[in-house]
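Visitor: Here the sequence shown stands for residues 224 to 780, numbered as in the working numbering.
Glycine included, C-beta positions come from ideal geometry on N, C-alpha and C.
So that we are looking at the same thing, I have put the structure below in structure tokens.
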Amino acid sequence: MTREEKKVILASSAGTIFEWYDFYLYGSLAAIIGAQFFSAFPEATRNVFALLAFAAGFLVRPFGALFFGRLGDMVGRKYTFLMTILIMGISTFVVGLLPSYETIGWIAPVILIILRMLQGLALGGEYGGAVVYVAEHAPNHRRGFYTSWIQTTATLGLLLSLMVILAVRSWTGEAAFAAWGWRIPFLLSIFLLGISLYIRLQMEESPAFSKMKAEGTGSKAPLSEAFGQWKNAKFAVIALLGLVAGQAVVWYTGQFYALFFLQSILRVDMYTANVLIAWSLLLGTGGFIIFGSLSDRIGRKPIILAGCVLAAVTYFPVFKFITATANPALHAAHERTKVTVIADKEQCSFQFNPTGTARFTSSCDIAKSLLARSSVNYSVEEAPKGAITKIRVGTTEVSAYDMSKLTGDQVRTVPAEFTRAVNAALAAGGYPPPGAPNPTTVKMNHFFDLFNAQVFPLVLVLTYLVVLVTMVYGPIAAALVELFPTRIRYTGMSLPYHIGNGWFGGLMPATSFAMIAQTGDIYYGLWYPIVIAMMTVVIGAIFVPENKDKDIFADAR
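Structure representation (structure tokens):
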């Protein structure tokens, strides 16, 4: 690399790490933010609203891709992602200053949601700009290696946000962090913004765009040219289904779903779960560079599709190993204790609830939801039509209830009695009681508490999941850049990337939980990433061209 090329990669990567750091802060602190800005509602409802505000950032990402992609193809790469970093940085800093609901009332959550949407819009424009900028500075035979540095930024941004939160939490203590300390990671972003902005202001426009601009061959209408003409639009569809969809679900499974599974399914404490993921990210992140560089020699497509195949083949044994290692008591209960839901199947809904606002009130849905939240594996047995659902644990049966038929004090007392009775039956069957100490669950006392029989194997297997992430994600930036001509490259690649990652990946937790509740199998939600990954393998193998040797400067016309 020349000095100028190193400067290009540093400037693009540093800014993008900062943007991902900002974006992930909210997700990591969603429960605390819900208590600050939606305090007028009960705890469950405020958490729903906090997650809805988080989801808003994902949902608007494709619109940011369209807006800033068009701008980047018409005005230039450099100035467009100077705008995105300013919007992201200022929005994040303002979240740290924003008064709570108790101070300014309903204006607080409204402003919070607007800031969250601005973050999503900015991120929608940032990634495409950074990738295109680096790719258009890279030599043709090193494009995978150069752009793979950008691919590290999402993981490093997540890691940075986790590390800052853990450090501030340890410094302030839990009570102070919940009251005011949570604002510090947001406020610190202003320093990262200043550094990133300074570096980016020293940059020059990309050579491919400058050449196109000088020759007057730029697109006058990038959106209609990219998506209104089938010769270009077909590559957006191929990119989405044959590359990005599979990459997105493998990426989310290896980082976010693994964290969700540890905390929500296996009941590992937050500190331990975050440190386990942090170690896997530290050990596995170099894979982005390795596979990006390897793609310059053997191609983008073989590595991405191989990562999808490995994920599909190994997810079930990997997550079963994680259960057996992280929570042996829960694993033993799954093996030893048979749990059955006896229900009229017409009462059972598919509990897909991405916004958290749907209400499931039948006795079957209530029973299944409780067991799914308790990480219980169960089967379903047919009951007579109209019968109230029962849960059988071993030889003990507990009748559920129909929420729509409860009145007055029953709304409070019946659910509580039902939950206690089910939990008692599960405890008798060997299931660890919810909320009670479970000495068999993995626990780390400090960041370097690695070398024991539970922690070390978990770090290794979680690192394997991150390696799969690096296989599918490391080469994909170069693969997307090479699909589109210079005049519409920013627009063309940004939309499929953000639909794939924002929607296919973003819907994974809600879809997986619904699948678990529907089937009574805590691993059944893994079929979501497996099926999408294999869809990408088939479509990618047939339709995605291999462009590793393509001269992307030749089409700057």
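(1) State yes or no: is the C-beta of residue 459 within less than 8 Å of the C-beta of residue 289?
(2) With a floor of 4 residues, list each alpha helix (DSSP H) that falls wholly inside the region 479 to 538, ordered by position along the chain.
(3) Do you know whose CA, among 678, 370 and 657, lies nearest residue 547's CA?
(4) Do residue 344 and residue 286 come within 8 Å of each other at the CB atom, strictly closer than that value?
(5) Please name the residue or residues paired with residue 473 in a DSSP beta bridge.
(6) Might you give, ordered along the chain, the residues of its own chain that have their beta carbon closer than 8 Å to the beta carbon of residue 559, omitting 5 neighbours on each side?
(7) Smallest Cα separation from residue 236: which of 539, 723, 374 and 544?
(8) Quick check: the Cα distance between residue 766 and residue 522, rounded to an integer number of angstroms?
(9) What does a CB cutoff of less than 8 Å around residue 655 pick up in its chain, not counting 5 residues either side in sequence?
(10) Do residue 689 and residue 507 count as a contact pair if the criterion is CB distance below 8 Å?
(11) When the Cβ atoms of the region 614 to 631 are set against those of the region 562 to 575, are three or more pairs found closer than 8 Å?
(12) Residues bridged to residue 615 by DSSP?
(13) Suppose contacts are defined by Cβ-Cβ distances below 8 Å. Is residue 708 in contact with residue 472 by that definition?
(14) Quick one: measure Cβ to Cβ for residue 704 and residue 755, integer angstroms, because I've assumed they're closer than 8 Å.
(15) Quick one: give me the first and last residue of the alpha helix (DSSP H) that residue 384 is part of.
(16) Residue 292 and residue 351: beta carbons closer than 8 Å?
(17) Looking at C-beta atoms only, is the number of pairs between the region 414 to 425 and the region 524 to 542 that lie closer than 8 Å three or more?
(18) Considering only DSSP beta bridges, list what residue 603 is partnered with.
(19) On a CA-only basis, which of 758, 532 and 295 is nearest residue 468? Give me that one, please.
(20) Using a Cβ-Cβ cutoff of less than 7 Å, which residues in the same chain neighbour residue 631 once the five nearest sequence positions on both sides are dropped?
(21) Straight-line CA distance for residue 426 to residue 226?
(22) Can you give me the Cβ contacts of residue 696 inside the same chain, cut-off strictly under 7 Å, excluding the 5 residues immediately before and after it?
(23) Please return the same chain residues whose Cβ sits closer than 8 Å to the Cβ of residue 353, not counting the five positions on each side in sequence.
(24) Tell me which residues share the same chain as residue 382 and place their Cβ nearer than 8 Å to its Cβ, disregarding the 5 neighbours each side in the sequence.
(25) Would you be able to state if there are at least three C-beta pairs under 8 Å between the region 721 to 741 and the region 474 to 484?
(26) Please classify residue 602 as buried or exposed, where buried requires at least 16 neighbouring CB atoms within 10 angstroms.
(27) Measure the CB-CB distance between residue 740 and residue 586 and report whether it falls below 8 Å.
(28) Work out the CA separation of residue 626 and residue 409 for me, nearest whole Å.
(29) Could you tell me if residue 734 is buried or exposed, where buried requires 16 or more neighbouring beta carbons within 10 angstroms of its beta carbon?
(30) At what residues does the alpha helix (DSSP H) containing residue 342 begin and finish?
(31) Going by DSSP, what residue range makes up the alpha helix (DSSP H) through residue 672?
(32) Between residue 283 and residue 340, what straight-line distance do the alpha-carbon atoms span, to the nearest angstrom?
(33) Using only CA atoms, which one of 230, 461 and 243 lies nearest to residue 716?
(34) Quick one: is residue 423 buried, meaning 16 or more other Cβ sit within 10 Å of its Cβ, or exposed?
(35) Drop a sphere of 10 angstroms on the beta-carbon of residue 542, count the other beta-carbons inside from all chains shown, and report buried for 16 or more, exposed for fewer.
Guide: Let me lay it out:
(1) no
(2) 493 to 507 and 510 to 521
(3) 678
(4) yes
(5) For residue 473, which the question treats as bridged, DSSP gives no partner whatsoever.
(6) 652 and 653
(7) 374
(8) 15 Å
(9) 490, 550, 552, 553, 556, 661, 663 and 664
(10) yes
(11) yes
(12) 563 and 620
(13) no
(14) Not quite, the Cβ-Cβ distance comes to about 23 Å (not below 8 Å), so this is no contact.
(15) 366 to 395
(16) yes
(17) no
(18) 564
(19) 758
(20) none
(21) 12 Å
(22) 374, 470, 474 and 511
(23) 235, 236, 238, 239, 304, 373 and 376
(24) 501, 504, 505 and 508
(25) yes
(26) exposed
(27) no
(28) 41 Å
(29) buried
(30) 330 to 358
(31) Residue 672 -> no alpha helix (DSSP H), and no H or E assigned at all.
(32) 6 Å
(33) 461
(34) buried
(35) buried
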